Amino acid sequence: MTIASLLEPVTGQPGPARLTHAADWMQGRTLYGGASALVAYTMATRAFADLPPLRAGQIAFVAPVGEEIALSAEIIRQGRNVTQVRSEIISDGKVALSAFWLFAEGREANALQPAPPPENWPGPPEDTQEVTHSFAPSFVAKNFELRHGQTRGDDRGATVRRWARLTEAHDLDPVSKLVLMGDVMPPGAMRVMQRQGSISSINWSFNVLDPESRSRDGWYLAENASQHAAAGYSSERLRLWDADGRQVLDGIQCVAVFG
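In full-length UniProt numbering, the protein residues as written are 1 to 259.
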């Protein structure tokens, strides 16, 4: 099942939609977070033509997203350079996902500060070993190829880092691909859990650093790192770099840690 098949029911018109090809993207009872965010993003871009490039997104994962949903999108404010759009996924008559998107035209730069390359660069993906999917959710095994992004034996702390790329041929635009892949790694808190338990993303806020990113052979280095974990929650930093070490996405996330 292709990602295009999942997005086909998203026409840009508000109202009911049935995601008939959602099975390969499910994570337990709900659609994988990157896929559900992409559904909401696609709703926004198909509802309103000629939007500027996406610069930032704020996603609230409120409730499980299944096959039977309803979609909505509205422009909150539209200025000369910036357009702000809210889109939502409704399930069983209640909000299951609420997203706020910031689209903005580029301007002449008055500040220049390139993002630094990743610490402990693992080398290009083609030089690293493939990761087996024995412990990964089924949607990862069906849709992604993973390679190691951390040196074995090193103290990885509360960080999960992997090279990742989609296994299917697709025609996603660069930003849609970043939205889909930006949440693919499990939380870094997984590495410091004291006992087995489930983990659930509550929100995700990110900035798009390069809306035209087209990484070599589709590879991106994805990292989730817990900045602070206590009281059943973890504050995570999520980052994506292209195959040449250029950061293209920077985000944060609150994760519930159960058990």
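Idealized CB from N, CA, C, for every residue including glycine.
Computed from a prediction, not measured in an experiment: that's the story for all the values here.
Inset, instruction - Could you name each continuous beta strand (DSSP E) segment of 3 residues or more that falls completely within the stretch 158 to 214, going from the start of the chain to the end? - result: Runs of the beta strand (DSSP E) spanning 3 or more residues and lying entirely within the stretch 158 to 214 occur at 159 to 166, 199 to 201 and 203 to 208, in chain order.
Inset, instruction - Could you have a look at TRP121 and say whether DSSP puts it in helix, strand or coil? - result: It is coil, neither helix nor strand.
Inset, instruction - Within 10 angstroms of the Cβ of VAL95, are there 16 or more other Cβ atoms? Answer buried if so, exposed if not. - result: Flag for VAL95 reads exposed.
Legend entry - Residues near ARG165 in its chain [Cβ-Cβ closer than 6 Å; skip 5 each side]: Hits under 6 Å: GLU145, GLY218 and TRP219.
Legend entry - Alpha-carbon spacing of ILE75 relative to ARG55, whole angstroms: Linking ILE75 to ARG55 through their CA atoms gives a straight-line distance of about 16 Å.
Inset, instruction - Use the C-beta contact count for GLU126: other C-beta atoms within 10 angstroms, 16 or more gives buried, fewer gives exposed. - result: Taking every protein chain shown into account, the CB of GLU126 has fewer than 16 other CB atoms within 10 angstroms, so this residue is exposed.
Inset, instruction - Alpha carbon to alpha carbon, how far is GLN27 from ARG147? Give it in angstroms, no decimals. - result: Taking C-alpha positions only, ARG147 is separated from GLN27 by approximately 21 Å.
Inset, instruction - Within the stretch 80 to 135, note down every full beta strand (DSSP E) run reaching 3 residues or more, in order along the chain. - result: With a minimum length of 3 residues, the continuous beta strand (DSSP E) runs that stay inside the stretch 80 to 135 are 82 to 91 and 94 to 104.
Inset, instruction - Taking LEU7 and THR42 to be in contact with their CB atoms under 8 Å, please state how far apart those CB atoms are, rounded to whole angstroms. - result: Taking 8 Å as the upper bound for CB-CB distance, LEU7 and THR42 are in contact here, some 5 Å apart.
Legend entry - Alpha carbon of THR45 to alpha carbon of GLY12, nearest angstrom: Those two C-alpha atoms are separated by around 7 Å.
Inset, instruction - Give the C-beta separation of LYS142 and ASP24 to the nearest angstrom, bearing in mind that I take them to be a contact with Cβ-Cβ under 8 Å. - result: Contact check for LYS142 and ASP24: beta-carbon distance about 5 Å, within the 8 Å limit, so the pair qualifies.
Legend entry - Backbone secondary structure at ALA40 - three-state DSSP: If DSSP states are grouped into helix, strand and coil, ALA40 belongs with the helices.
Inset, instruction - Helix, strand or coil for GLY15, going by three-state DSSP, please let me know. - result: GLY15 carries a strand assignment under DSSP once its states are collapsed to helix, strand and coil.
Inset, instruction - Look up PHE61 in the DSSP assignment and say whether it is helix, strand or coil. - result: Three-state DSSP puts PHE61 in a strand.
Legend entry - Beta-bridge partners of ASN224, as assigned by DSSP: DSSP, once it has assigned bridges, lists VAL160 and LEU238 as partnering ASN224.
Legend entry - Coil, strand or helix - VAL10 by DSSP: DSSP places VAL10 in the coil class of the three-state scheme, outside both helix and strand.
Inset, instruction - Give the DSSP-derived three-state secondary structure of ARG46 in the structure shown. - result: Three-state DSSP puts ARG46 in a helix.
Inset, instruction - Would you mind stating whether ILE3 and LEU172 have Cβ atoms separated by less than 8 Å? - result: In this structure, LEU172 lies closer than 8 Å to ILE3 by Cβ.
Legend entry - Test item: CB-CB of GLY34 and VAL184 under 8 Å: A contact, by the Cβ cut-off of 8 Å.
Legend entry - Element boundaries [alpha helix (DSSP H), containing PHE144]: Careful: PHE144 lies outside any alpha helix (DSSP H), inside the beta strand (DSSP E) at 144 to 148.
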